[in-house]
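See structure below.
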Amino acid sequence: DAKTTQPNSMESNEEEPVHLPCNHSTISGTDYIHWYRQLPSQGPEYVIHGLTSNVNNRMASLAIAEDRKSSTLILHRATLRDAAVYYCILRSLGGGSQGNLIFGKGTKLSVKP
Amino acid sequence: DAGVTQSPTHLIKTRGQHVTLRCSPISGHKSVSWYQQVLGQGPQFIFQYYEKEERGRGNFPDRFSARQFPNYSSELNVNALLLGDSALYLCASSLARWADVPGNTIYFGEGSWLTVV
């Protein structure tokens with residue numbers, strides 16, 4: 009699976025939007041971009057995923073660059089509950105690690121009241 | 014509906030001992046995966062079982078083994094424990110085998126904290 013690069017940490021103020029970047033310059037055409045987050049003392053939870061087009065769901069939005077070499081997870085209004093480690097993961101259909109996720113170190117998001 | 018449940022939540026073992034961790038997937042989910050998360054790192058894939066057969070194995074020594082039962086619950090076994098095995102062990106379940114099948118969300122349990130002394 010292709011590798012992703014994320015900042016180690018970011019800070020945000022409560023009620024403000026947060027843009028979490030992810031670089032994946034070696035992405036292939038069949039790689040999906042997944043985001044998971046892990047709240048303190050909990051297991052990771054799915055946030056969103058996409059292939060080429062921007063995606064929205066009740067938790068967040070995913071903006072994918074036209075060349076797909078980068079993406080941004082957007083939290084429209086950060087709350088204290090959004091403080092977590094956010095992981096950007098590429099999954100390749102038919103790749104060597106089918107059925108599992110390869111996590112990096114992620115971005116630790118802090119939210120200030 | 015209950016989520017992925019794991020037991021025990023915390024345990025302490027001595028070097029050289031054996032440990033068994035248990036996982037019950039979400040009802041109807043046939044895929045169970047195990048991950049190890051060392052403090053400060055992201056989770057690392059250990060095993061995946063689908064329909065009671067091993068479908069994937071990460072880069073872990075043979076001291077680690079697992080199995081899936083007819084009711085799709087699973088056990089992770091670690092023999093000859095080392096200090097470096099101290100970690101959070103996460104179980105994840107999903108409906109389908111592939112992580113990127115549309116709609117095939119992977120759900121994680123809260124994990125079992127293992128401390129080896």
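Listed in order, the protein sequences are those of chains A and B.
Read in order, the letters of the first sequence are residues 9 to 121 in my numbering.
Read in order, the letters of the second sequence are residues 14 to 130 in my numbering.
Where is the CB? At the ideal position from N, CA and C, for every residue including glycine.
What you are looking at is a predicted structure, and each value in this text was computed from that prediction instead of being measured.
Assigned exposure category for residue 27 (chain A) - 16 Cβ within 10 Å defines buried: Classification for residue 27 (chain A): exposed.
Per-residue contacts from residue 25 (chain B) into chain A (C-beta, under 7 Å): Ordered by position in chain A, no residue passes the 7 Å Cβ test against residue 25 (chain B), which lies about 17 Å from the chain.
Beta carbon proximity, residue 113 (chain A) to chain B, threshold 8 Å: Output row for residue 113 (chain A): interface = yes.
Residues from the stretch 26 to 48 of chain B in contact with chain A, defined by Cβ distance under 9 Å: When C-beta distances to chain A are compared with 9 Å, the residues of the stretch 26 to 48 of chain B below that value are 44, 46, 48, in chain order.
Counted within 10 angstroms of its Cβ, other Cβ atoms place residue 93 (chain B) as buried (16 or more) or exposed: Under the 10 Å beta carbon count, residue 93 (chain B) is surrounded by fewer than 16 other beta carbons and is classified as exposed.
The stretch 15 to 22 of chain A / the stretch 32 to 48 of chain A touching (three or more Cβ pairs under 8 Å): Contact fails: fewer than three Cβ-Cβ distances are below 8 Å.
Residue 102 (chain B), buried or exposed, once every other Cβ within 10 Å from all chains shown has been counted against 16: Classification for residue 102 (chain B): buried.
Reduced DSSP category for residue 85 (chain A) - H, G, I as helix; E, B as strand; rest coil: Of the three classes helix, strand and coil, the one that applies to residue 85 (chain A) here is coil, per DSSP.
Counted within 10 angstroms of its Cβ, other Cβ atoms place residue 81 (chain B) as buried (16 or more) or exposed: Burial check for residue 81 (chain B): the Cβ neighbour count within 10 Å reaches 16 or more, so the residue is buried.
Reduced DSSP secondary structure (H/G/I, E/B, other) of residue 39 (chain A): Strand.
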